[in-house]
Structure formats: C-alpha cells, structure tokens
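Take a look at the structure set out below.
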Amino acid sequence: MDTHLLRTFVAVLDHRSFSGAAKALGYTQSAVSQHVAALEADLGARLVERRPVAPTPAGTRLLEHAPALLLRLDAARADVARLHHAQPAHLTLACSAAALTSTVARALAQLRAATPLLGLEVRVLAREAVIEEVLTARADLGLVDGVAAPSDPLPLPDLGPTTTLAAAEQPLAVLFPTDHPLARRRSVRLTDLTQAQWIDAPDTAVPLDRLRAVCRTEGFRPRVRHRGTDLHGLAALAASGLGLAALPLPLAATLPGVTAVPADEPRLVHRTELVHTAHPAEPARQLVDLVAGRAATAR
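In terms of the UniProt record's numbering, the sequence shown opens at residue 1 and continues consecutively.
As structure tokens, this is what we get:
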C-alpha cells in the first residue's frame with residue numbers, strides 16, 4: 001500500500017472534499033482523484049463515495065487503521081533523522097493539560113539550574129497530540145495522564161520503540177459547585193455518580209469513556225462538551241452547575257469556584273507517565289533521570 005495514496009485518502013475524508021484535500025496537500029484535484037482511484041484499485045474495493053464525499057464501509061474500515069499506520073511511518077522517519085543531526089541545547093516537553101505535576105516541574109527547574117543555557121519549551125496539547133509530537137520528533141518528551149488502578153500503567157496505544165516512565169500517582173477528585181450538597185462530603189463514590197450530569201472534556205478532565213470503562217457502566221453521560229486545554233474554563237462550567245468533571249486532587253483543589261471532593265469506589269488514581277523515544281537526546285535523558293529519582297523519592 002502506497003503511503004502517499006493513503007495520506008491523500010485520509011485528507012479527502014478529513015476535508016469531505018477532493019478540492020479541499022488538493023488545496024491542503026498542494027496537489028491538483030485531478031491528482032487527488034487519481035490517488036484515491038489507485039488506492040481503490042490496489043485494495044480491490046471502493047473506498048470513497050463521490051457525491052457527497054463520504055467513506056464507504058470499506059473506507060470506514062481503512063480509516064480505523066490509517067492514522068496509526070501513518071504515525072508509525074512518520075515516527076520511523078523522525079527516528080532515523082535524529083541520527084544525522086547534532087543534539088541541540090534545547091528541550092521541548094509536550095504535555096496534556098492535567099499532566100504537568102509538581103514532580104516534573106521541580107525536575108525541570110533542577111535541570112534548568114544545572115544547564116543555564118538550555119532552551120526550554122513546554123507545549124500544552126490534547127493527549128493524543130502529545131504522543132504524536134514525541135513520535136514525530138517535534139517534542140523530546142511527552143507527559144500524558146489518565147486514570148488507572150494503583151500501580152497499573154495507562155492504557156496507551158502501541159507507541160513502537162518508545163519508553164514510558166511513571167512520573168506521579170495522585171488521588172482522583174470530582175469537581176462540584178461550592179453550593180452543591182455533595183461538596184460537603186469527605187469523599188464520593190464514582191459508582192453513585194454514573195447518572196449525574198457530566199462535562200465531556202477529554203483534553204482536560206478524565207475522559208468520560210474512560211470512566212465508563214473502569215466503572216463498567218453506560219453512565220457518565222455528558223451535559224456539556226468542552227474542547228481545548230483550558231482548565232479554568234472547565235472549572236467555570238462546573239462552578240455554574242453545568243456538570244461534573246474528574247481531575248487529580250492536587251490540581252482540582254487549586255481551581256476557583258469549585259470544591260474538589262476525593263473520589264473512591266472503584267479505587268483509582270490519576271496517573272502521569274513520561275513518554276520518550278528509545279534514544280533520547282542528552283537534555284531529555286537528564287530530565288528522565290531527574291523525574292525517575294523524584295518519583296521514587298515521592299513513593
């Protein structure tokens with residue numbers, strides 16, 4: 001399967017337009033049509049309906065595989081490119097909104113103090129984007145977060161030749177408006193909140209599909225959808241009574257207008273993991289060592 005054809009196919013369905021894909025890729029519309037037709041001939045199946053543009057059942061199935069295939073190819077290209085470029089005195093850390101823990105922040109400060117000329121960039125992104133940044137060498141390290149049973153790793157996708165390191169485990173909390181009856185509780189059971197109204201905020205709070213999975217329920221249905229990485233905006237929605245959200249307790253306790261109540265039953269923790277390639281650059285390797293040491297001390 002030609003990866004150029006596969007990228008064109010994905011672009012057509014992303015834009016729901018052959019002309020839109022052509023503009024995004026810098027091709028002519030005729031070339032885009034030829035690419036899709038060649039891919040269909042290769043696979044022996046019609047993949048795209050033309051009017052309107054939409055995936056066929058076979059196209060839908062291919063779309064389930066395409067992003068991971070293309071990402072792994074980009075990751076392989078980036079990994080080879082690292083061998084031919086000098087290691088810069090710069091460190092780029094990509095992290096999801098709730099993943100930058102005090103453990104990692106102190107390790108960053110320690111690294112910066114030891115190497116004053118080190119350039120440092122921190123990017124706050126969606127969880128999936130964090131992993132993509134690391135695999136494609138746009139970031140040296142990534143911090144991702146989620147919920148899991150204590151000491152269990154996060155259920156991350158196949159990352160190829162990369163390494164993950166537990167950076168922190170923290171109690172999980174639910175955000176309530178300060179005047180909510182449950183805000184006065186010492187703790188709440190997640191299993192009692194499955195039918196409550198929730199805010200769907202997959203790039204900031206714990207994703208609701210993950211809560212449904214760990215609690216084995218069809219509940220946790222969203223009342224409001226929040227997109228982006230703005231934690232204070234999420235807190236404002238929760239403070240207004242528009243829905244509940246789950247966050248790590250130390251972070252949740254700092255947000256204005258809400259009360260963070262520890263969550264239990266099932267017993268879960270908010271876990272942060274550091275993701276890096278198998279052969280990180282020197283500044284990244286130093287930060288990994290610092291985080292590992294601080295995480296071990298915290299335990």
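Idealized CB from N, CA, C, for every residue including glycine.
Taken in chain order, the complete beta strand (DSSP E) segments of 3 residues or longer contained in the segment 184-221 are 198-200. By a beta-carbon distance limit of 8 Å, Leu-62 contacts Leu-47. Their separation comes to about 6 Å.
Here the segment 166-173 lies against the segment 247-257, with 3 or more beta-carbon pairs under 8 Å apart.
In the three-state reduction of the DSSP assignment, Leu-141 falls in the strand class, which pools E and B.
Within the segment 116-181, the runs of beta strand (DSSP E) that reach at least 3 residues and sit entirely inside it are, in chain order, 119-124, 141-148 and 162-177. Counting the other CB atoms within 10 Å of its CB gives Ala-89 a total below 16, which places it among the exposed residues. Separation of Gly-293 and Leu-108 (C-alpha to C-alpha, rounded to the nearest whole angstrom) is 13 Å. Counting only runs of 4+ residues, the alpha helix (DSSP H) found wholly inside the segment 208-283 occupies 208-215, 231-239 and 249-252, in chain order. The three-state reading of DSSP puts Pro-52 in coil, since its state is none of H, G, I, E or B. The three-state reading of DSSP puts Ala-105 in helix, counting H, G and I together.
Here Pro-280 has Asp-140, Leu-141 and Val-288 as same chain residues with Cβ atoms under 8 Å from its own Cβ, once five neighbours each way along the sequence are excluded. When DSSP states are grouped into helix, strand and coil, Ala-99 belongs to the coil group. Taking Val-124 as the centre and dropping the five residues before and after it, the same chain places the C-beta of Cys-95, Ala-97 and Thr-229 closer than 7 Å to its C-beta, in chain order.
Counting along the chain, the unbroken alpha helix (DSSP H) around Arg-7 starts and ends at 3-15.
Inter-residue distance for Arg-185 and Ala-148 is about 23 Å (C-alpha atoms, whole angstroms). According to the DSSP secondary-structure assignment, Leu-39 is paired through a beta bridge with no residue. Here Ala-94 is bridged, per DSSP, to Arg-123 and Gly-142.
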